[in-house]
Amino acid sequence: FSLRSGKVTGPLPVDSGRALAVSYLESATGIATGQPTSQSNNLDGGSGSSPPFHPGSSSRDEVDERKADMHDELAYLLLEGVISERGDEDRGEDSNLGGIYRFKLRRLLSWPNSRVRSERLLGSLPSSFLREHALLLGRLGRHEDALRILYSQENSLELALEYCDVRHERQQMRLEETKALGGGGDKMKSPANECAYIPLVKVALSSDPNSDRGTAAAIQVLALRRDSIDKAAALRLLPKNIPMSSVVRPFLIPAVVENESQVRRLSVASSLLRSRYMQLKQKLTEAQLKSQATLHSALALKKLNLGDVLHSSKPTKARPVHAASPNYPAVMLVKHNFPRHLVIQAQVTNNSARTLADIAFVIAESSDEALVPTMEMPLKTVNPGATGSVWCVLAASPQRLDGAAFLTCELRFTVLEVDAATGTPLSFSEGANIATGFGRTYVEELQDIEVRHTEFG
């Protein structure tokens, strides 16, 4: 934050004990070496104190206290340097050396890692140190008081805007950090995250003795920061009797144009992302179909250590017991017999114009306890015209199988809603439009499968 003196002509000469102590403390605290910024934010209500107490962390608290003591000592040395370099005839202006001390003081007060005890230092500041007062008030979260100093006493809308700009940038950084850490929306809605420019609008409207000038300044803030300010909140603060023409040209029309442009950009970006999503989804679907196409490619079957296949039947067409739904796919069944397992492969061909999802072949009932369903391998999606295999594994005890057993089986699937223009699914989960039949789950009962003990021979 550049609320600094313009009379900085070079580094601090180390020609006194005070200058030596300042140089040492700046190096020790890290402000002179560019130490990375911590998450604390002294323009958003942080007091510059140590982090919150945690049980069993007394040593850490002691370190934080010593750090605060060092920062306080540095602040008082710099303040002493500014005051001591002023003579009786300086008329309130800093000497070259005093300007260096003031520069360093303001840098310390605006440094995000600063642990200066703001309230204590605020009581020691001379009343003429206006910008230093503003920085300390900002550290305490008293943003309107800080802006009142910059706007009214310093008579500078530019300085007040700069104050708000820095606060806004730090808010955005903190929000990005919160999102990266998986933080929730409650933290983002905290008072520290309120619009950084709203306090300046309030100050301009309430503090300026000339109400027309204050209103003009408030509108200027809206116009200059229309891409960052909370537009609705700012407009509500303006006087009700303000002419619409004074707001339309500098603020409303540019804001509407920018918003429309942003809508177009976001629409294009949304279309591109959806297209990319569909391409990735298609590749994922094809990969799953390929991975479950045969006994040897299905990883879940390999993990069962089924052994060598004894017999595989010829594909037979599965027929529904009742009238099939309009989107019923073609199903071919293949039985694979292993020494202690029966694996049923259902090859599903989607002949409809809709994408099928969550396709599963289920053994609802077995007539013999020698055949017990243990695992199902469904498919997530099968696109129109595509073929994929779903599997059902049964534990088999051929020696206990008396003659033949009959398996009651079902095919379960969901028909997804699709975009009328592109034919792509609107989602990849159950839809809600049950009335049209698109987005509901179907359960088709199939004719029983006969299994004989001789198939395991």
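Residue numbers (my numbering): 673 to 1129.
Backbone N, C-alpha and C fix where the C-beta goes; we use that ideal spot for every residue, glycine too.
Next on the checklist: I'd like to confirm the pairing. Which residues does DSSP put opposite A904 in its beta bridges?
Outcome noted: As a first step, residue 904 must be located in the sequence shown, where it is residue number 232. According to DSSP, which records beta bridges pairwise, A904 is partnered with nothing at all.
Item to check | Residues near G728 by beta carbon distance below 6 Å, same chain, minus five either side | outcome: The residue you call residue 728 lines up with position 56 of the sequence shown. Because the pLDDT at G728 is just 49, under 50, the model does not fix this residue reliably, and the value given afterwards should be weighed accordingly. Apart from the 5 residues on each side of it in sequence, G728 has no Cβ closer than 6 Å to any other Cβ in its chain.
Item to check | For Y1114: DSSP bridge partner residues | outcome: The residue given as residue 1114 occupies position 442 in the sequence shown. In DSSP, Y1114 forms a bridge with F1085.
Item to check | Residue range of the alpha helix (DSSP H) that includes N768 | outcome: Here residue 768 corresponds to residue number 96 of the sequence shown, with the count starting at 1. Where N768 is concerned, the enclosing alpha helix (DSSP H) stretches over N768 to S782.
Next on the checklist: Measuring straight from C-alpha to C-alpha, what distance separates V1087 and T1059?
Outcome noted: The sequence position of residue 1087 within the sequence shown is 415, counting from 1. The sequence position of residue 1059 within the sequence shown is 387, counting from 1. Approximately 15 Å, taken between the alpha carbons.
Item to check | Cα-Cα separation between L1083 and A1032, rounded to whole angstroms | outcome: Position 411 of the sequence shown, counted from the first residue, corresponds to residue 1083. Position 360 of the sequence shown, counted from the first residue, corresponds to residue 1032. The straight-line gap from Cα to Cα measures roughly 6 Å.
Checklist entry - Exposed or buried, which one is H968 when buried takes at least 16 other CB atoms within 10 Å? => result Reading the sequence shown from its first residue, position 296 is the one you call residue 968. A residue is called buried when at least 16 other Cβ atoms come within 10 angstroms of its Cβ; H968 does not meet this threshold and is exposed.
Checklist entry - Helix or strand or just coil, what does DSSP make of T966? => result To locate residue 966, count along the sequence shown from 1; it is residue 294. T966: coil per DSSP, three-state reduction.
Next on the checklist: Under 8 Å: do the segment 931 to 946 and the segment 1036 to 1051 share three or more Cβ pairs, one atom per stretch?
Outcome noted: Contact check between the segment 931 to 946 and the segment 1036 to 1051: fewer than three CB pairs, one atom from each, fall below 8 Å, which does not count as touching.
Item to check | For N1105, three-class secondary structure by DSSP | outcome: Here residue 1105 refers to the residue found at position 433 of the sequence shown. Confidence in N1105 is poor, its pLDDT being 44 and thus under 50, which makes the residue's placement too unreliable to answer from.
Checklist entry - For G1075, which of helix, strand or coil comes out of DSSP? => result In the sequence shown, residue 1075 corresponds to position 403, counting from 1. Here G1075 sits in coil by DSSP.
Item to check | Status (buried if at least 16 other CB within 10 Å, exposed otherwise) for L780 | outcome: In the sequence shown, residue 780 corresponds to position 108, counting from 1. L780 is classed as buried because its beta carbon has at least 16 other beta carbons within 10 Å across all chains shown.
Next on the checklist: On the criterion of 16 or more Cβ atoms from any shown chain inside 10 Å, does D899 qualify as buried, or is it exposed?
Outcome noted: Position 227 of the sequence shown holds residue 899. Residue environment for D899: exposed (fewer than 16 other C-beta atoms within 10 angstroms of its C-beta).
Next on the checklist: Cutting at 7 Å between CB atoms, please list the residues of its own chain near R1072, excluding the five before and the five after it.
Outcome noted: Sequence index remark: in the sequence shown, residue 1072 carries index 400 (1-based). Counting only Cβ-Cβ distances below 7 Å, and skipping sequence neighbours, we find A1042.
Checklist entry - Starting from G886 and walking both ways along the alpha helix (DSSP H), at which residues does that stretch end? => result Here residue 886 corresponds to residue number 214 of the sequence shown, with the count starting at 1. DSSP places G886 inside the alpha helix (DSSP H), whose first and last residues are S883 to L896.
Next on the checklist: Can you tell me which residues form a DSSP beta bridge with E1037?
Outcome noted: Here residue 1037 corresponds to residue number 365 of the sequence shown, with the count starting at 1. Paired residue(s): T1080.
Next on the checklist: Just to confirm my understanding: we take R948, look at its own chain, exclude 5 residues before and 5 after, and list those with CB closer than 7 Å. What are they?
Outcome noted: Within the sequence shown, numbered from 1, the residue matching residue 948 stands at position 276. If we look at R948 and ignore the five residues flanking it on each side, it has no Cβ neighbours.
Item to check | Secondary structure of A1002, DSSP reduced to three states | outcome: Here residue 1002 corresponds to residue number 330 of the sequence shown, with the count starting at 1. Residue state, collapsed to three classes: strand.
Next on the checklist: Quick check: the segment 744 to 753 against the segment 782 to 793, are at least 3 beta-carbon pairs closer than 8 Å?
Outcome noted: Contact holds: three or more Cβ-Cβ distances are below 8 Å.
Checklist entry - CB E834 to CB L802, shorter than 7 Å? => result Your numbering for residue 834 matches position 162 in the sequence shown. Your numbering for residue 802 matches position 130 in the sequence shown. No.
Checklist entry - In angstroms, rounded to a whole number, what distance separates the CA positions of C1064 and I1121? => result Numbered from its first residue, the sequence shown carries residue 1064 at position 392. Numbered from its first residue, the sequence shown carries residue 1121 at position 449. In this model, C1064 and I1121 are separated by some 13 Å (Cα to Cα).
Next on the checklist: Considering only the alpha carbon of each residue, which of K986, V919, A1076 and V1015 lies closest to D980?
Outcome noted: Start at 1 with the first residue of the sequence shown, and residue 980 comes out as number 308. Ranking K986, V919, A1076 and V1015 by Cα distance to D980 puts V1015 first.
Checklist entry - Can you list, in chain order, the residues of its chain whose CB lies under 8 Å from that of I821, leaving out five sequence neighbours each side? => result Here residue 821 refers to the residue found at position 149 when the sequence shown is read from its first residue. Excluding sequence neighbours, I821 sits near L802, R803, H805, A806 and L809.
Checklist entry - Where DSSP assigns a beta bridge to T1053, which residues make up the other side? => result Here residue 1053 corresponds to residue number 381 of the sequence shown, with the count starting at 1. DSSP, once it has assigned bridges, lists A1029 as partnering T1053.
Checklist entry - For N865, which three-state DSSP category applies? => result Locating residue 865 in the sequence shown gives position 193, where the first residue counts as 1. It is helical.
Next on the checklist: Assuming the contact rule is C-beta atoms closer than 8 Å, L819 and V893 should be a hit. Round their C-beta distance to whole Å, please.
Outcome noted: As a first step, residue 819 is located in the sequence shown; it is residue number 147 there, counting from the start. As a first step, residue 893 is located in the sequence shown; it is residue number 221 there, counting from the start. In fact, because the Cβ distance is near 11 Å, the residues do not count as touching under 8 Å.
Item to check | 7 Å CB neighbourhood of G1057 in its chain, flanking five on each side removed | outcome: Residue mapping note: residue 1057 aligns to position 385 of the sequence shown, counting from 1. Within the same chain, G1057 has close Cβ partners N1022.
Checklist entry - With 16 other CB atoms within 10 Å as the buried threshold, where does P871 fall? => result Working through the sequence shown from its first residue, we reach residue 871 at position 199. Buried is the label assigned to P871, since at least 16 other Cβ atoms lie within 10 Å of its Cβ.
Checklist entry - Which one of P911, L829, L692 and P915 has the shortest CA to CA distance from L896? => result One-based indexing of the sequence shown puts residue 896 at position 224. Answer by Cα proximity: L829.
Next on the checklist: Between H994, N913 and R839, which has its C-alpha nearest G813's C-alpha?
Outcome noted: Working through the sequence shown from its first residue, we reach residue 813 at position 141. Ranking the options by Cα distance to G813, first place goes to R839.
Next on the checklist: Less than 7 Å between the beta carbons of Q1017 and S963, yes or no?
Outcome noted: Your numbering for residue 1017 matches position 345 in the sequence shown. Your numbering for residue 963 matches position 291 in the sequence shown. No. Outside cutoff.
Next on the checklist: Pull the bridge partners of V1062 from the DSSP assignment, please.
Outcome noted: Position 390 of the sequence shown, counted from the start, is the residue given in the question as residue 1062. Beta-bridge pairing links V1062 to A1018.
Checklist entry - Does DSSP classify R1124 as helix, strand or coil? => result Counting from 1 along the sequence shown, the entry for residue 1124 is found at position 452. The three-state secondary structure of R1124, taken from DSSP, is strand.
Checklist entry - R946 to R937, Cα distance in whole Å? => result Reading the sequence shown from its first residue, position 274 is the one you call residue 946. Reading the sequence shown from its first residue, position 265 is the one you call residue 937. Annotation: R946 to R937 spans about 14 Å, alpha carbon to alpha carbon.
Checklist entry - Mind checking P798: buried by the 16 CB within 10 Å criterion, or exposed? => result To locate residue 798, count along the sequence shown from 1; it is residue 126. It is exposed - the Cβ of P798 has fewer than 16 other Cβ atoms within 10 Å.
Item to check | Per-residue burial, E1127 [other beta carbons within 10 Å of its own, 16 or more giving buried] | outcome: Working through the sequence shown from its first residue, we reach residue 1127 at position 455. Around the Cβ of E1127, a 10 Å sphere holds 16 or more other Cβ atoms; the residue is buried.
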